[in-house]
Amino acid sequence: MVPPPRSGAARAVPSEDDPTALYARPPTTGAPSTGDDDMAGWNYAEIWEVIAQQIPDAPAQIQGERVLTWRQFDERANGIAHTLLEAGAAEQDKVAQYLYNCPEYLESMFAAWKAGLVPVNTNYRYADDELVYLWDNADAVAVVFHGSFTETIERILDRVPRVKTWLWVDDGTGTCPSWATPYEDAAASHLTKVEASWGRDGDQLYMLYTGGTTGMPKGVMWRQDDHIRNIIALGTNPRYAEDPVDYSVPAELVNGPGIVSVPACPLMHGTGCMTQLIALSGGGCVVTLESRHLDIEELFDTIEARGANTTAIVGDAFAKPMLRVLDAEPDRWDLSTMFVFTSSGVMFSEAAKQGLLRHLPHAMIVDAFSSSEAVGMGQSVSAAGGGAHTAKFQLGPNTKVFTEDHREVQPGSGEIGKVAVGGHQPIGYYKDPEKTAATFLTVDGKRYSVPGDFATVEADGTITLLGRGSVCINTGGEKVFPEEVEEVLKTNDAVHDAVAVGVPDEKFGEAITAVVELNPGAALDEADLIAHVKSHLAHYKAPKRCLTIESIGRAPNGKVDYKRLKQYAADQLGITV
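Each residue of the sequence shown is one higher than the last, beginning at 16 in this note's numbering.
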């Protein structure tokens, strides 16, 4: 790894020869304008430190009976930042969060930003090989992890030699291993402000790994300044989109406790994390649930007990079980403080939206059309008595729909195009210049993020989302790339060829189904084949059902008709697609 520059050194520019060089500023060609190049730019650590000074005794994070004030949030993050720097972390080194939802998740992100480092999300469902790939690809030097992951880490310690610092978060599952440092010791190590010699600025990164929609997970690189001018300006106050950068703004805007937000979905994913960045940047309080699986009763108990105002969910996968509980016990909870349900990235049906609004007529549902690398493409806002459509969105102010030859799709034309969003967007994908070039396009002199979502533009200017051009399966809020599952299926002795498809499922949105062509004389043992996949991949990537077919029917070029096989699977299972 190329040593990062210290204070005063010129920042490195990424290249194919030096893919680990710092990504600091957007490419000069086609990059979005971010104002005066001499400005430091917005930085999360700076904003949150101002808020901690403004409302030190207000709650910042709560989990169960544990309450952390803004003063404690700030001081504990100082301790973690100090520990990381003392361990040798250099400018823009990567710090991975391998955690369930908990206060330490956002606290360690705060710490990384204080120290001029880069927080990196980690899917806690990953198996050994997937973790090794992610941390190696991210060049992680530190990992913050829950104690329940100790055994998993011990199996791969020698495969991630770049990681030098392990911070162990006690979750009651054992003692801290000898190779790690107790998180609480680190948090208490240094209470006053920590800032590295290289300082802080808006060029420093927030890196969010995708769920692998179009292949292996990729690190989406956001300059903090761009992320704040997009996400925080939209969700907290539009003044964060304005110049000049002035840290009297958060001091002026935050003069008391803000909203109370409950992430029902994982912080390790973009929807869960970004919604909480919005809450904190407005002086709010984040309340994480104690259960590590979706527990609707705990969610409603917490909303009632803490007077929560907003919660982040994942479409029908969360809304339908919420609705079943409310239908069964409509008068059990007082949810009158809840005014916004936010969902993003997955299908959210009209029926589920209307069902929730029937029980909470005072609330509204914001169905955001965004992805890790393209925020602000559009949104659908539903309220009681109004429309609640599926996959229909109002375009964001910087959103266009382009044909393959980069013509703008005209409203009402019926033409299909790809959704593109401009303005403040990511720099690109970490160490992947080819994918960056394919996703971030310049059209008529403006830079757009085009992640691959197809849509039509209606006569009224709204868009109807048709889906990704890829065959990615979205199951329970997790994105699963079929080829990854297929490769494992085909390593089973009984399988000659295989395809993984997603079929409609009430609980998961889509359920992974394997369609397999068996070797001559072989028989299908469905349970064995599912267990085989689980032994190689995260369990959520394993098929729920396995079906046989006489021939997969690949074309001469090796490609397969996923649409046909999805229909075949649905027919075999008696499901309407």
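Each residue gets a CB set at the ideal place from its N, CA and C atoms; glycine is no exception.
- Contact annotation, Ala-398 with Leu-372: C-beta distance approximately 7 Å; criterion of less than 8 Å satisfied.
- Distance check between Leu-350 and each of Trp-57, Ala-367, Val-516, Gly-322 places Gly-322 closest, using alpha-carbon atoms only.
- If you look at Pro-519, you'll find it in the beta strand (DSSP E) that goes 510-520.
- Runs of the beta strand (DSSP E) lying entirely within the stretch 221-293 and spanning at least 3 residues, in chain order: 234-238, 275-278.
- About 17 Å separates the beta carbon of Tyr-555 from that of Val-486, a gap too long to meet the 8 Å contact definition.
- Counting only runs of 3+ residues, the beta strand (DSSP E) found wholly inside the stretch 86-147 occupies 109-113, 133-136, in chain order.
- Straight-line spacing of the CA atoms in Gln-68 and Thr-207 works out to 12 Å.
- Its chain contains Arg-560, Cys-561 as the residues whose beta carbon lies nearer than 8 Å to that of Glu-541, once the 5 sequence neighbours on both sides are disregarded; these appear in chain order.
- Every alpha helix (DSSP H) of 4 residues or more that sits fully in the stretch 432-518 is shown, in chain order, as 448-454, 497-504.
- One thing to note: Ile-478 has its Cβ no nearer than 9 Å to the Cβ of Val-381.
- With respect to the 9 Å criterion, Gly-370 and Val-329 are not classified as neighbours on the basis of their beta carbons.
- Between Ala-584 and Asp-108, the alpha-carbon positions lie close to 46 Å from each other.
- Beta-bridge partners of Glu-532 (DSSP): Asp-512.
- Burial is judged here by how many other beta carbons sit within 10 angstroms of a residue's own beta carbon; Arg-238 has at least 16 and is buried.
- For Arg-373, the uninterrupted alpha helix (DSSP H) run begins and ends at 365-374, by DSSP.
- Going by beta carbons, Gln-78 and Met-283 fall outside the 9 Å limit.
- Residue burial is scored here from C-beta neighbours: Val-592 has fewer than 16 other C-beta atoms within 10 angstroms and is therefore classed as exposed.
- The beta carbons of Ala-127 and Pro-118 sit no closer together than 9 Å.
- Counting the other CB atoms within 10 Å of its CB gives His-377 a total below 16, which places it among the exposed residues.
- In its chain, beyond the 5 residues on either side, Phe-384, Ala-406, Phe-408, Asp-468, Ala-470 have a beta carbon closer than 7 Å to the beta carbon of Leu-480.
- Residue pairing of Ile-590 in beta bridges, as defined by DSSP: absent, with no partner found.
- Contact check for Arg-215 and His-439: beta-carbon distance about 19 Å, past the 8 Å limit, so the pair fails to qualify.
- One alpha carbon belongs to Thr-563, the other to Asp-89, and they sit about 56 Å apart.
- Under DSSP, Trp-183 takes part in a beta bridge, and its partners are Phe-160, Pro-197.
- Of His-551, Asp-420, Pro-197, the smallest CA-CA separation from Glu-145 is found for His-551.
- From the listed residues Glu-521, Ala-538, Leu-83, Ile-442, the smallest Cα separation to Gly-299 is found for Leu-83.
- Counting C-beta pairs closer than 8 Å gives three or more between the stretch 153-168 and the stretch 176-196, which meets the contact rule.
- Only buried fits Asp-241, as 16 or more other CB atoms lie within 10 angstroms of its CB.
- Here Lys-522 is exposed: its Cβ has fewer than 16 other Cβ atoms, across all protein chains shown, within 10 Å.
- If you ignore the 5 residues before and after Ala-153, its C-beta comes within less than 8 Å of the C-beta of Lys-109, Ala-111, Val-135, Met-222, Tyr-224, Gly-234, Tyr-445, all in its own chain and listed in chain order.
- Taking 8 Å as the upper bound for CB-CB distance, Asn-116 and Leu-304 are in contact here, some 6 Å apart.
- Sixteen is the threshold: when 16 or more other Cβ atoms of the shown chains lie within 10 Å of the Cβ of Thr-180, as they do, the residue is buried.
- Considering only Glu-449, Thr-454, Pro-197, the residue with the shortest C-alpha distance to Gly-94 is Pro-197.
- In chain order, Val-516, Val-518, Pro-558, Arg-560, Ala-584 place their CB closer than 6 Å to the CB of Thr-528, counting only its own chain and leaving out the 5 sequence neighbours on each side.
- Ser-359 is bridged by DSSP to Ala-383.
- In this structure Tyr-148 is in contact with Met-231, their Cβ atoms being roughly 7 Å apart against a cut-off of 8 Å.
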